[in-house]
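Worksheet: one structure, shown below.
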């Protein structure tokens, strides 16, 4: 049997005399025969279809056809190409020496990498650390002014002196007035006004009107004790006497507030009512109370420095009771 391959010379034809059921014997090839021709001859000598070989090797049919035609142009990686050639050649029983020779030929045709340019060590360091340096500079430009403004604003802020509601008000001690230093220059027959002391602010969860700043600026003598004031109508009297500024809330059972706010020191308040009352007194250490002339022990209803009690009316008599 004589096989002819299109595109090849007659000298490349191969004659096989071995029977089909016997092990195929491959005749000697001329040195000019290509490896693709050898693959095609070996496949036909075994009586294999190219599709069956592709299925067995799990390779595309078009790839095997290109190997038999020595078409390696579109295969980019020489590693893959060497794998395809080795698998196909071993599957067809091609001489391993001939397969290795083809692989060596492929490696020789692979181009070597050539450096087309260079970069100095200083330029390399600049490109590597330029981005990090940029972030550091931007962070310093943004963060440092913000920290400086925050610290400077905190140090120059005029903070108000606050005291809790249940604490005893204490006069704020300020720096000595310049007028005290000028006492030596004032004649002895001229009376000096007393030093001015500011009243502290009181903090509370309840809303109450602010103290008169003009009265506070005139010193303790300007905050004089108001006259006794009576609030409400009724046959029972609740009297509060304050020796220190206190926050007071007095509410009847109907929800009407007879008192709600901060009372200055020296206040004397009278609340008249025929209904039970709910009483809250802040800064209880500076307050005293009586009901129909009977003193009330505020310490019995005290929690921290706030007293809270009810005025109950039973059998025509008003008595303080705890909640």
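Numbering (my numbering), first residue to last: 363 to 685.
Beta carbons: idealized from backbone N, C-alpha and C, even for Gly.
Residue 464 and residue 397 have their alpha carbons spaced roughly 7 Å apart. Only residues of its own chain outside the window of five on either side were considered, and among them 620 and 633 have a CB closer than 6 Å to the CB of residue 593, listed in chain order. Sequence-distant Cβ neighbours of residue 641 in its own chain, meaning closer than 6 Å and more than five residues away, are 612 and 671. Residue 409 carries a coil assignment under DSSP once its states are collapsed to helix, strand and coil. For residue 442, the enclosing alpha helix (DSSP H) stretches over residues 440-454. Of the candidates 636, 602 and 662, 636 places its Cα closest to the Cα of residue 675.
Note on residue 496: under 16 other CB atoms within 10 angstroms of its CB, so exposed under the neighbour-count rule. Apart from sequence neighbours up to five positions away, the residues of its chain that approach residue 434 with a beta-carbon distance below 8 Å are 428, 443 and 468, ordered along the chain.
As computed with DSSP, residue 675 is found in a beta bridge with 680.
In this structure, the alpha-carbon of residue 437 lies about 9 Å from that of residue 425.
Between residue 673 and residue 639, the C-beta gap is smaller than 7 Å, which places the two residues in contact. A straight line joining the alpha-carbon of residue 591 with that of residue 630 spans about 7 Å.
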